[in-house]
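S.K.:
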Amino acid sequence: MDSTTTTQAPITTIAEVGRHEGETVTLRGWLYNLRESGKLLFPIFRDGSGLIQGVVAKNAVSPEIFDAVKGLTQESSVIVGGKVRADKRAPGGYELDVGNVQVLQRVSEADPYPITPKEHGVDFLMEHRHLWLRSPRQAAILRVRAEIIKAARGFFDERGFTLTDPPILTPAACEGTTTLFPVDYFEEQAYLTQSGQLYIEATAMALGKVYSFGPTFRAEKSKTRRHLTEFWMVEPEVAYATLDDLMDLAEGLISFLVKRCLERRRADLEIIGRDVSKLEKIAPPFPRITYDDAVKMLQEGHAKGAVENRFEWGGDLGSPDETYLSSQFEKPVMVHRYPATVKAFYMEPDPRRPELALCVDVLAPEGYGEIIGGSQRMASYDLLVKRIREHNLPESAFKWYLDLRKYGSVPHGGFGMGIERAVAWICGLEHVRETIPFPRMLHRLYP
RNA sequence: UCCUCAGUAGCUCAAUGGCAGAGCAUCCGGCUGUUAACCGGAGGGUUGUAGGUUCGAGUCCUACCUGAGGAGCCA
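According to my numbering, the first sequence is numbered sequentially starting from 10.
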């Protein structure tokens, strides 16, 4: 017998235990909790796929087995053999009549597992993030995150997009240096990327339809439930795309992600406590409003007392403004054509009203705010040079970027979707810190 | 960077300026269907740090440290 089995019984997982009703199986995992009632023990096991309660009756097992379970400590690693039995009292529908237990490593009671099945504060949990991940809710969130990432990649792969990875180390600031993490690159100043967009504009000119999926770094001292200093973005970029094409693409992507999660991760959404009826409404078409419309809505909201400050045309939408706008719809709302002055230098002006940029922000419902930001990119060489100078950006660093407008420039555009914000919305979480295994935030670099 | 709030047992929290406590966790004992099990008992404290006011400070004052929520900025 090797070290990973204790019986001849087939190894299975808690998630698949239903296929083995009435059979004896082997489960490999950890002790989640233990309840005792004299000569009856109720150990709850977890194995990463779910939870199952075991039953150990003193008169049904050897004294060695009974005593091994009786004193067992939380999160001790165990290999358990037992018979699967359907039971209406069990939350998962099945229980395990334990016949055999092998303890791989017993957690010392002198230094017990710190996270008990009781309440804990955020700071304590974040300090123990490496262990917090073992709790059923956190594991469920990570499974939803993985599903969203898989679905996003599948969405683009099946539509003829090519994955092109932009660099993470970049030579110069794209949009100003204040938000970048500096890195020493062989005694030269480099920065961690804050967006792969400029680079995938180049790959889009080579391959037509491309996307990137990777980490992004922002050194902003933001301290809110929507911000991480290190987060993941999926960014499509499409040659010959117009703003309307981009809105169609964003709408299709978001709808697909939600549908996939409802199809494949419904049980996890229920563990998390998500009201899935709100997600079931997410399907095209999404409402599309102009920035002008948004300003009107915000001013009406202010008149009704629902928005604190009166919003004036020309400013960027603040977080409370986005929350109000998104709360007016049951689906994500796409706000397009902002004033060019509040947006990035590379956005294409609206030919009918050059003071506007051909851009779109997608605001998730239920107050989640912006999850996508995108635009049609500036195609004219001369105008782009003018904008770079107006923004006091180092022209030499953008020489390669300007080349894209010199050699066969075409209308094109793309957008970026923040994975963590999308996960937070789909899971209905209070804070993005739970959407990534090890969040990096202003005051959090450990563990 | 600014605004607000909070730091008391391993954890979650009480304590009118007057003896520093409870639940959970840990240890000991009890219980054959428990569901954050329950019942009885035990151990566990430099009240974030440094000053100050006071007969007396966990409590009031000042500074600092740490964290949380929000603003700005963004995805």
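By construction, the Cβ of each residue, glycine as well, lies at the ideal position given by its N, Cα and C atoms. Every value quoted in this text rests on a predicted model; they were computed, and no experiment measured them.
Classify Ile380: buried if its beta carbon has 16 or more other beta carbons within 10 angstroms, exposed otherwise.
M.R.: buried
S.K.: With a threshold of 6 angstroms on Cβ separation, who are the neighbours of Leu278 within its own chain once the five nearest residues in sequence on each side are excluded?
M.R.: Val285
S.K.: Can you tell which of Arg283, Asp412, Pro448 and Arg319 has its C-alpha closest to the C-alpha of Glu375?
M.R.: The shortest C-alpha separation from Glu375 is found at Arg283.
S.K.: What first and last residue would you give for the beta strand (DSSP E) that runs through Ile88?
M.R.: Ser86 to Ala95
S.K.: Determine, using beta carbons only, whether Leu113 and Val78 come nearer to each other than 8 angstroms.
M.R.: no
S.K.: With distance defined between alpha-carbon atoms, name the residue in Pro360, Tyr41 and Gly59 nearest to Pro52.
M.R.: Per the C-alpha coordinates, the member of Pro360, Tyr41 and Gly59 positioned closest to Pro52 is Tyr41.
S.K.: Spatial neighbours of Ala431 within its chain, please: C-beta separation below 8 angstroms, excluding the five flanking residues on both sides.
M.R.: Ile157, Ile263, Leu266, Ala373 and Ile380
S.K.: Do you know offhand how far Val26's Cα is from Ala18's?
M.R.: 13 angstroms
S.K.: Would you kindly check if the distance between the Cβ of Gly59 and the Cβ of Ile20 is under 8 angstroms?
M.R.: no
S.K.: Would Met343 and Val304 be called neighbours here (beta carbons separated by less than 8 angstroms)?
M.R.: no
S.K.: Taking the CB atoms as reference points, tell me whether Tyr249 and Pro420 lie closer together than 8 angstroms.
M.R.: Pro420 sits close to Tyr249, with the two beta carbons spaced by under 8 angstroms.
S.K.: I'd like the list of long-range same chain contacts for Leu271, defined as Cβ closer than 7 angstroms, with 5 residues on each side in sequence excluded.
M.R.: So the list reads Val285, Leu288 and Glu289, once near-sequence residues are dropped.
S.K.: What whole-angstrom Cβ distance do Glu167 and Gly423 have, given they're in contact under 8 angstroms?
M.R.: The Cβ separation is near 18 angstroms, so there is no contact.
S.K.: Give the straight-line distance between the Cα atoms of Lys268 and Pro293, rounded to the nearest whole angstrom.
M.R.: Using only the alpha carbons, I get a separation of about 12 angstroms.
S.K.: I'd like to know whether the C-beta atoms of Phe222 and Leu178 end up nearer to each other than 8 angstroms.
M.R.: no
S.K.: Please state if the CB of Gly323 and the CB of Pro296 are separated by a distance shorter than 8 angstroms.
M.R.: no
S.K.: Rounded to whole angstroms, what's the CA-CA distance from Met135 to Glu339? Just pull it up for me.
M.R.: Going by the C-alpha atoms only, they are around 32 angstroms apart.
S.K.: Find out if the Cβ-Cβ distance for the pair Lys218, Gly169 is shorter than 8 angstroms.
M.R.: In this structure, Gly169 lies closer than 8 angstroms to Lys218 by Cβ.
S.K.: Do you know how far the Cα of Thr82 is from the Cα of Lys232?
M.R.: 37 angstroms
S.K.: How long is the line joining the alpha carbons of Thr405 and Arg453, rounded to whole angstroms?
M.R.: Here residue 405 turns out to be Ser, not Thr, going by the sequence shown. Their backbone Cα atoms lie some 36 angstroms apart in a straight line.
S.K.: Would you kindly work out how many angstroms separate the C-alpha atoms of Thr14 and Ala155, rounded to a whole number?
M.R.: Confidence at Thr14 is low in this model, with a pLDDT of 46, below 50, so the placement of that residue is unreliable and no value is reported for it.
S.K.: Between the Cα of Asp461 and those of Val116, Thr212, Leu49 and Glu196, spot the shortest distance and give me the residue it belongs to.
M.R.: Given a span of 10 to 456 for the chain in the structure shown, any question on residue 461 remains unanswerable.
S.K.: Helix, strand or coil for Trp241 per DSSP?
M.R.: Strand.
S.K.: Does Ala161 come out as helix, strand or coil in the three-state DSSP assignment?
M.R.: Three-state DSSP puts Ala161 in a helix.
S.K.: Along the chain, where does the beta strand (DSSP E) containing Gly261 start, and where does it finish?
M.R.: Taken as a continuous stretch (DSSP letters only), Gly261 belongs to no beta strand (DSSP E), being part of the alpha helix (DSSP H) at Leu252 to Arg273.
S.K.: What do you get for Tyr416, buried or exposed, if any count of 16 or more other CB atoms within 10 angstroms of its CB means buried?
M.R.: exposed
S.K.: Among residues of its own chain, excluding the 5 on either side of Lys67, which ones have a beta-carbon nearer than 7 angstroms to its beta-carbon?
M.R.: Lys48 and Phe75
S.K.: Taking the Cβ atom as the reference point for each residue, do Ile281 and Arg146 lie within a distance shorter than 8 angstroms?
M.R.: yes
S.K.: Closest to Glu196 by C-alpha separation, out of Glu210, Pro180 and Leu189, would be which residue?
M.R.: The shortest Cα separation from Glu196 among Glu210, Pro180 and Leu189 belongs to Pro180.
S.K.: Keeping to the same chain, check which residues put their C-beta closer than 6 angstroms to that of Tyr377; ignore five residues upstream and five downstream.
M.R.: Trp434
S.K.: Among residues of its own chain, excluding the 5 on either side of Glu118, which ones have a beta-carbon nearer than 7 angstroms to its beta-carbon?
M.R.: If we look at Glu118 and ignore the five residues flanking it on each side, its Cβ neighbours are Thr82.
S.K.: Note the first and the last residue of the continuous beta strand (DSSP E) segment covering Ser498.
M.R.: Because the chain here runs from 10 to 456, residue 498 falls outside it and cannot be looked at.
S.K.: Going by DSSP, what residues sit across from His421 in a beta bridge?
M.R.: Ala248 and Arg386
S.K.: Could you pull the start and end residues of the beta strand (DSSP E) that His468 belongs to?
M.R.: A question about residue 468 goes unanswered here, because the residues of the chain that appear run from 10 up to 456.
S.K.: Flag this pair as yes or no: are the beta carbons of Gln385 and Thr299 separated by less than 8 angstroms?
M.R.: In this structure, Gln385 lies away from Thr299, with their beta-carbon atoms at least 8 angstroms apart.
S.K.: In the DSSP assignment, what are the bridge partners of Asp174?
M.R.: For Asp174, which the question treats as bridged, DSSP gives no partner whatsoever.
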